[in-house]
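What follows is one structure encoded as structure tokens, with my remarks underneath.
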Amino acid sequence: MKATAITCDGVTKRFGDVNALDGFTLDVPLGSVLGLLGPSGSGKTTALRVIAGFERPDSGSVTVGGATMVDASTWVRPEQRKVGMVFQHYALFPHLSVARNIAYGITKGENAGGRVSHLLNLVGLSAAGDRMPHELSGGEQQRVALARALAAGPEVVLLDEPFSNLDARRRNRVRRDVRTILVEARTTAVFVTHDQEEALAMSDTVAVMRSGRVVQVADPGELYHRPSDCWVARFLGEAEFVLGTVSGGVVETALGRFPVAGQPDGSVEVMIRPEQVRLSRDDRGTGRVVDREFYGHDQVVTIVLDDGRRLMSRSGPSPALAIGDRVSVEVDEVVAFPAGPDHTH
Amino acid sequence: MTGPSPALVTRPPDHRRAGRRMTGAWWLWAIAAAVLIPSLVPFGALVVRVTADFSDAAAVIVSGRTAVLIRNTVLLVAAVSLSATAIGIAAAWSIERTSIPARPLWRVLVALPLVVPSYVIALAIISATGPTGLMADIAGFSFPAIRGPAGAWLALTVSTYPYVFLLASAALRRMDPSHEEAARGLGSSPTRVFRTIVLPQLRPAAGAGALLVALYTLSDFGAVSLMRVDVFTRAVYAQYAGRIDRTPAAALAVVLVLLALGILWAEQRTRGRAVYHSNAPTRPVSRATLSPRARAASIAGLSALATAAFLLPIATLIAWVWRGSTAGKGATIDWGAAAGSLIGSTVAAILAVIAAAFVSVLVTRHASRATGWVERLSYAVFALPHITVALGMVFFASRFLGGLYQSLTLLVIVYASIFFAQALGSARAAVLAVDPALEDASRSLGKGSLATLMRITIPLTWRGLAAGGLLVFLTTMKELPATLLLRPTEFETLAVRIWSSAGELLYARAAGASLLLIAVSAVPMYVLATRDRG
């Protein structure tokens, strides 16, 4: 078993009538980057604030670096936790220069000057030490905030929606920068996001939250291809669901028969992601193209099957299809879920 | 003049959404208690005094004399509220919503009486009119003496209408012009638009202003005592000063507190609704184009107002000082009283600001029902007549505080407690403008709550704290009844000097002290009025 940097066990936190956290349980492996992914209102930020010590849970326990931070009889104040935090709007102290922001958490006498310049180097801002926070771009502020959090030598770094304030064009680069810095600093990091693409791209491990609890923890590939239920499947990316019947390791659907592993016989829902759907022009095919969004590096084609069902296909720039073309449909491997009330989500 | 008036009446916020649990470090609560206790103890002392001598007190309360006082007080409060509200709205509308020239100049001129305390206006009226007045002297015939209820009404109207003016001006500037344009587009005349669209939207601000005026009038001691009007504040002081048995003073003070609580309650109710009416405009407000005659009439009206409310009183004071100095009788500068005012007001302002720096963090970052009460109580103490706080403190201090009674220390503590709400209101707004994530960031970087307050919150809020301090300084400079009751025997302030000299008909001396007081107040007033423009 890998060592854990953070352990949350059965954490509950109510705000008035709202259960922000409802039995939140999570282990964060030491040295990994974990993405806490969930829709807004699922309790992600509250979970982060409980770990940091800004909120006191109603019940449950939190352990950081092996030491209990909070349980029924313990309460460690945020300033004693060694938990670094990067805030959504960065929260750089506006009255302090970049260097003094970074130095803020360093105890005097710890060779503060050397440590500050090392961190400025690490985040690629060695010339910006004397500037004031408002003189920096969003991405630079982000990196200063990260350097400041790392400066205090935390056990873990928490990042609250770290990329939500950056425009889409800059987001990818900053994301890569941040990941590089975190890996270089060999820190355990937890970041909160509602953007599934960001969670999949940034994380070693993704924990999906819903209604105040973790519903699945997995590495990005596993999560995308083997979601634990329909809700997670839909939340992680576009997916169509078709009803089917399993018998003897094969599922029979309106789109054809597919092998499925490990499903008992009976009714199931079959998840089909657009990139699993392959189309080819075929005058005797079962579908007709009704829409095509062409992005250059890929395209999304919407078809209507003869039974009226809509289906989307994502593929490379070819085949060249036009609205009205008839197509035949092939589907790669599929994932099936026991049919249940969940399929309405 | 965006003026300090809104901050004078900072409204306790809505706590319905705040958490129930009390949080916040124990030392924050200790400081809140340290500020509130000196202002609450006096009310306890009043109640104890009244219940201890209950039959005597009850006899005072049900006497015909009390009935007369209630009638006089209510009449004066109603008359001043009506006239100040009417003048304030009329001035605000003609300045903000008509095509009058030199708008910025009028804004300042009409608001200027704010720097003149009510008893100085009263002094100017008394010393200018009547057979021995300045006007008789200059014009050569006896101008009718303006004294008594009419004099108090005039002095208080002049010193309170600026509050209504400032609130109504702000409301008029905030109004969304599209409502009025829509009404015009539907065929309404400008008069009908004013009556059906503008006035209803103005009502919350005007109502709040009127109740503020009512509270001010009820609490006023200086003007009514100089004008010799038989109302509660003056009666409480007379009972206190003139008799060995102080139970009647306590009984009257309790009735006065009840009247004030009634007004406060009404005020809170209208203000609660007022919030929802404020709406940020997207465009500048529309202004009515005046006909040449209406324009001349507006200019004449505003000129008359500025002249009567500010220029004439100041001219009267200057004339008295000039006369006094040429006649060689007592127009010297009261350095001692000026020093007393400065020391008392400065120390009170510093105390209030230090306490507000801490308590504002408590009431914003740890908002709960309990902190709601901290704010409500500090506001209530500020709004209640200061003479009642002072009288209660006299009872308590003379009995339990020994050496502190009639000491400068106790006086500045009482000042700081009474005016704490002003410092708190300003500090609270400043703290709310600071992103709480900054404080969280500091905590997560290993700094405790006190270090975070010192290194993050206070450096980011000092402007707001300083503005609150200036407000406390200004109001303490003008304070009269608490100073009279609690000052050390040798301690003088400009306010006391003005009041006592005017009472002894030493007008030149009173005028000199008044001009000094106005000059000293003008500096922080100017800073406050211009600070929002960078």
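Protein sequences appear in the order of chains A and B.
Numbered according to my numbering, the first sequence spans residues 510 to 854.
Numbered according to my numbering, the second sequence spans residues 761 to 1294.
From the three backbone atoms N, C-alpha and C, an ideal C-beta is built for every residue, glycine too.
For residue i, the three-state DSSP class (helix, strand or coil)
i	result
A/Q589	helix
A/Q772	coil
B/F992	helix
A/V760	strand
B/V1107	helix
A/D834	coil
A/R782	coil
A/I597	For clarity, residue 597 of chain A is Gln in the given sequence; the question names Ile instead. Reduced to three states, the DSSP call for A/Q597 is coil.
B/V810	helix
B/G900	coil
A/K553	helix
B/L1240	coil
B/V822	coil
B/A1057	helix
A/N681	helix
B/L1275	helix
B/S1128	strand
B/L1246	helix
A/N610	helix
A/E670	coil
A/P729	helix
A/L535	strand
B/R777	With a pLDDT of only 39 at B/R777, under the threshold of 50, the placement of this residue in the model should not be trusted, and no figure is reported.
B/V828	helix
Residue environment, residue i, which counts as buried when at least 16 other CB atoms sit within 10 Å
i	result
B/L946	exposed
A/I812	buried
B/Y1286	exposed
A/D728	exposed
B/G967	buried
B/F1160	exposed
B/P1296	In the structure as shown, chain B starts at 761 and stops at 1294, and residue 1296 of chain B therefore has no counterpart that could be examined.
A/S635	exposed
B/D1200	buried
A/H858	Residue coverage of chain A in this structure runs from 510 to 854, which leaves residue 858 of chain A outside it and unanswerable.
B/I1004	exposed
Short Cβ contact (8 Å threshold) for residue i with residue j
i	j	result
B/A1255	B/L1240	yes
B/I1178	B/V875	no
B/V1134	B/A785	no
B/T1076	B/L1276	no
B/F1142	B/Q1182	yes
A/L557	A/D704	no
A/L788	A/V836	yes
A/T795	A/V779	no
B/G1263	B/L836	no
A/P566	A/T513	no
B/V973	B/A844	yes
A/F767	A/V760	yes
B/T783	B/S1128	yes
B/T1131	B/L1192	no
B/S1204	B/T1212	no
B/I886	B/G911	yes
A/G552	A/G519	no
Neighbourhood of residue i by C-beta distance below 7 Å, restricted to the same chain and skipping five residues each side
i	result
B/S1297	For chain B, the structure presents residues 761 to 1294; residue 1297 of chain B sits outside this window and is missing.
B/D813	T1007
B/L708	Residue 708 of chain B cannot be examined here, being either before or after the span of chain B that is shown, 761 to 1294.
A/A931	Examination of residue 931 of chain A is not possible in this model, given that chain A is present from 510 through 854 alone.
Other residues of its chain near residue i: CB distance less than 6 Å, five sequence neighbours each side excluded
i	result
A/D815	T795
B/A1176	A1108, L1111, A1112
B/A1069	P873, V918
B/G1229	A1109, V1113
A/S822	P783, V786, L788, V810
B/A1011	V810, A817, V820, I821
Interface flag, residue i vs chain D, CB-CB below 8 Å
i	result
B/S1120	This model lacks chain D altogether, as its protein chains are A and B.
Own chain partners of residue i with C-beta closer than 8 Å, once the 5 adjacent residues on each side are dropped
i	result
B/V1081	A1091, A1268, A1271, G1272, L1275
Completely contained beta strand (DSSP E) runs for the stretch 785 to 824 of chain A, where each covers 3 or more residues: With a minimum length of 3 residues, the continuous beta strand (DSSP E) runs that stay inside the stretch 785 to 824 of chain A are 786 to 790, 796 to 803, 808 to 814, 819 to 824.
Contained alpha helix (DSSP H) runs [length at least 4] in the stretch 614 to 665 of chain A, N- to C-terminal order: Within the stretch 614 to 665 of chain A, the complete alpha helix (DSSP H) runs of at least 4 residues fall at 621 to 631, 647 to 660.
Segments of 4+ residues assigned as alpha helix (DSSP H) that fall wholly inside the stretch 1151 to 1185 of chain B: Within the stretch 1151 to 1185 of chain B, the complete alpha helix (DSSP H) segments of 4 residues or longer fall at 1168 to 1178, listed in chain order.
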